[in-house]
Amino acid sequence: MRRWVGFCSTTVTSGRGLVDIPPRVLRLSFRSSERHARVCSVMAEEAKKLAAFAAVDNHVQNNHVVGVGSGSTIVYAVDRLAQRVRQEKLNIVCVPTSFQARQLVLQHGLNLSDLDRHPELDVAIDGADEVDAGLTLIKGGGGCLTQEKIVAGCAKKFIVIADYRKDSVSLGEQWKKGVPVEVVPMAYVPVSRRIERCFGGEAVLRMAVSKAGPVVTDNGNFLLDWKFESPHNWAEVHKDIKMIPGVVETGLFVGMAERAYFGMEDGTVRVRDAPNH
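Residue 1 is where the sequence shown starts when you use UniProt numbering, and the numbers rise one by one after that.
Encoded structure:
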């Protein structure tokens, strides 16, 4: 039995009976945990930056049209794009995948365009929630999966950037929030039931944090997060889910990424090419 009394003291039962743990020990324990969390966070951010810089340096050239993805890692990619534009006087046009990406492009003073004016991109750079050994991705944790997939599909090269926490042998090892599925609002119940019946697991409507009700995508749709129980043939699963009436897109990116850059804990960058490239 454990009894907590603020930060004053605590009493635990051990093999020798009741043992008092001094408040200083408790404070040190909490502080150590907080320091560890901060260190891990700093390492992850530095890893994201390393991956983003490497991808931009290796794949963006003068006169390129660049697809700009969404998420926390993309912030560093846009930073590097802006640096190179200033330092090397590059002529770069950016096509964003989301409102966030659009704002980043504008804030950095980069040339903004869209798929109407530039339907073919030289390269698209985007993050991922998880990447498996064959460069199959789970994306959509930020809710922009449909636009991200459209832009990636318009690019001659699709490059993924991530930190070491997103690197897995198979999907589901690291990312536990499931595969996002964008659905027309009126269809979310039948779609979730169909996914669960056909593939197992649980398909849950994603709820908003800062407002009441579900998350609404930039397209005005809802998001389901399908928490699968075991590995699947992801190409077949993606195709089958897409065929369900009411499904707009899935967060499974199969056979799209050409190369992935992973920023590692030791300050290096690991590069992995897709098997078919």
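Ideal placement from N, C-alpha and C gives every residue a C-beta, glycine not left out.
Cβ shell of residue i (< 6 Å), same chain only, five flanking positions each side left out
{"i": "residue 85", "result": "92"}
{"i": "residue 163", "result": "44, 47, 48 and 263"}
{"i": "residue 71", "result": "127 and 142"}
Residue i - DSSP class collapsed to helix/strand/coil
{"i": "residue 231", "result": "coil"}
{"i": "residue 244", "result": "coil"}
{"i": "residue 252", "result": "strand"}
{"i": "residue 278", "result": "Residue 278 is absent from the structure shown; the chain starts at 1 and stops at 277."}
{"i": "residue 128", "result": "coil"}
{"i": "residue 116", "result": "coil"}
{"i": "residue 111", "result": "strand"}
Residue interval of the alpha helix (DSSP H) (run including residue i)
{"i": "residue 216", "result": "That residue, residue 216, is in no alpha helix (DSSP H); it is neither H nor E in DSSP."}
{"i": "residue 79", "result": "72-88"}
{"i": "residue 102", "result": "99-107"}
Short Cβ contact (8 Å threshold) for residue i with residue j
{"i": "residue 173", "j": "residue 201", "result": "no"}
{"i": "residue 108", "j": "residue 78", "result": "yes"}
{"i": "residue 123", "j": "residue 168", "result": "no"}
{"i": "residue 97", "j": "residue 253", "result": "no"}
{"i": "residue 226", "j": "residue 189", "result": "no"}
Beta-carbon proximity list for residue i, same chain, < 7 Å, skipping 5 on both sides
{"i": "residue 187", "result": "245 and 246"}
{"i": "residue 278", "result": "What the structure shows of the chain is the stretch from 1 to 277, and residue 278 is not part of that stretch, so it cannot be assessed."}
{"i": "residue 55", "result": "77, 125, 159, 161 and 261"}
{"i": "residue 283", "result": "Within the shown structure, residues of the chain are numbered from 1 to 277, placing residue 283 beyond reach of any answer."}
Cβ neighbours of residue i in the same chain (closer than 8 Å, five flanking residues each side left out)
{"i": "residue 215", "result": "143, 206, 207, 208, 222 and 223"}
Host beta strand (DSSP E) of residue i (start-end)
{"i": "residue 152", "result": "Segment 145-153 is the alpha helix (DSSP H) holding residue 152; no beta strand (DSSP E) there."}
{"i": "residue 270", "result": "269-273"}
{"i": "residue 140", "result": "First-last for residue 140: undefined, no H or E at that position."}
{"i": "residue 163", "result": "158-163"}
{"i": "residue 260", "result": "259-263"}
{"i": "residue 67", "result": "65-68"}
Inset, instruction - Enumerate, from N- to C-terminal direction, the unbroken beta strand (DSSP E) stretches of 3 or more residues contained entirely within the segment 165-211. - result: 179-183 and 202-205
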